[in-house]
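Worksheet: the structure to be examined is printed underneath.
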Amino acid sequence: MQRRRLKTGVLISGSGTNLQALIDACASSDFPAEIVLVISNRADAGGLARAKRAGIPTKVIPHKEYPSREAFDTAVDTALRGGGVEFVCLAGFMRLLTPGFVNQWHDQLVNVHPSLLPAFKGIDAVEQALAAGVSRTGCTVHFVRPEMDTGPILLQMEVPIEAGDSSEVLHDRIRQAEHRAYPQALRLIAAGKVTVSGETVTITDN
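As numbered in my numbering, residues 45 to 250 make up the sequence shown, in order.
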């Protein structure tokens with residue numbers, strides 16, 4: 045008897061490379077999650093084509109058509125719940141979600157960020173790491189909280205910063221780590237191995 049898979053929704057705004065990594069992982073019959081809906085706030089997001097090729101339902105919810113962030117987030121929440129989504133992954137979703145939305149999906153909403161949080165928060169994390177002169181950075185999969193780039197850390201992967209790295213080269217190296225880390229994190233969650241207590245994550249081998 046096949047185990048029930050966690051019904052996952054993915055929010056995107058761009059090309060969807062992390063979405064593709066999740067799609068590829070979910071294609072395995074033993075992966076404990078399945079993507080049941082992909083939502084983008086941009087009709088031209090390349091990730092929509094990735095989802096359609098995989099046979100995953102998609103929905104475009106243009107944020108500019110809504111009078112407020114709250115109204116947009118309500119539309120996204122309605123679409124997710126209407127699609128049977130139980131858990132949400134942010135994958136290059138370039139909108140700050142309202143506290144109301146985040147709290148409705150408390151501990152059921154994760155993001156991947158291109159730094160070793162709490163270092164280098166914000167959209168220019170790669171450039172911050174280069175400017176700081178650190179020798180290593182990486183990526184973080186974390187549960188989302190209302191404050192940007194905060195929340196319980198589930199998984200991190202380090203990458204080296206090499207002499208002469210441009211932001212593009214370093215971002216590509218971090219992205220490769222993200223493509224490994226995000227499916228691994230979703231597998232742990234969907235397999236019931238992750239417990240969140242306050243702001244601390246515990247991973248078990250049960």
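Beta carbons: idealized from backbone N, C-alpha and C, even for Gly.
Of the residues R217, V240, I205, the one placed nearest G195, counting alpha carbons only = Counting from one through the sequence shown, the residue named residue 195 turns up at place 151. Nearest option by C-alpha distance: V240.
Simplified DSSP assignment, three categories, for P251 = Because the chain is modelled from 45 through 250, residue 251 falls outside the range shown and cannot be assessed.
message = I need the straight-line Cα distance from F137 to V245, nearest angstrom please.
response = Walking along the sequence shown from the start, residue 137 turns up at place 93. Walking along the sequence shown from the start, residue 245 turns up at place 201. Looking at the two C-alpha atoms, the distance is approximately 23 Å.
ask   = Alpha carbon to alpha carbon, how far is I197 from E243?
value = The residue given as residue 197 occupies position 153 in the sequence shown. The residue given as residue 243 occupies position 199 in the sequence shown. Distance between the alpha carbons of I197 and E243: 8 Å.
message = Distance check for R113 and D209, CA to CA, integer angstroms please.
response = To locate residue 209, count along the sequence shown from 1; it is residue 165. To locate residue 113, count along the sequence shown from 1; it is residue 69. Taking the straight line joining both Cα atoms gives about 37 Å.
task = Taking only runs that begin and end inside the stretch 101 to 150, name each unbroken alpha helix (DSSP H) of 4 or more residues, in chain order.
result = 113 to 126, 143 to 148
task = Specify, as a first and last residue, the run of the alpha helix (DSSP H) that V170 falls within.
result = Counting from one through the sequence shown, the residue named residue 170 turns up at place 126. Looking at the DSSP string, the run of the alpha helix (DSSP H) that includes V170 is 169 to 176.
ask   = Which value, in whole angstroms, describes the spacing of the CA atoms of A65 and G127?
value = Within the sequence shown, the letter at position 21 stands for residue 65. Within the sequence shown, the letter at position 83 stands for residue 127. Spanning the two alpha carbons is a distance of roughly 21 Å.
ask   = So the alpha helix (DSSP H) R219 belongs to, where does it begin and stop?
value = As a working mapping, residue 219 is identified with position 175 in the sequence shown. Taken as a continuous stretch (DSSP letters only), the alpha helix (DSSP H) holding R219 covers 211 to 234.
task = Determine the direct distance from the alpha carbon of R219 to that of E212, and round the result to whole angstroms.
result = The residue you call residue 212 lines up with position 168 of the sequence shown. The residue you call residue 219 lines up with position 175 of the sequence shown. Going from the Cα of E212 to the Cα of R219 covers about 10 Å.
request  = Return the residue from the list A77, H215, I79, N147 that minimises the CA-CA distance to F187.
outcome  = The sequence position of residue 187 within the sequence shown is 143, counting from 1. Minimum Cα distance to F187 is reached at N147.
ask   = Applying the criterion that 16 or more other CB atoms from any shown protein chain within 10 Å of the CB defines a buried residue, is E222 buried or exposed?
value = Position 178 of the sequence shown, counting from 1, holds the residue named residue 222. Classification of E222: buried, given that the 10 Å Cβ count is 16 or more.
inquiry  = For the beta strand (DSSP E) containing R180, name the first residue and the last one.
reply    = Here residue 180 refers to the residue found at position 136 when the sequence shown is read from its first residue. R180 -> beta strand (DSSP E) spans 180 to 187.
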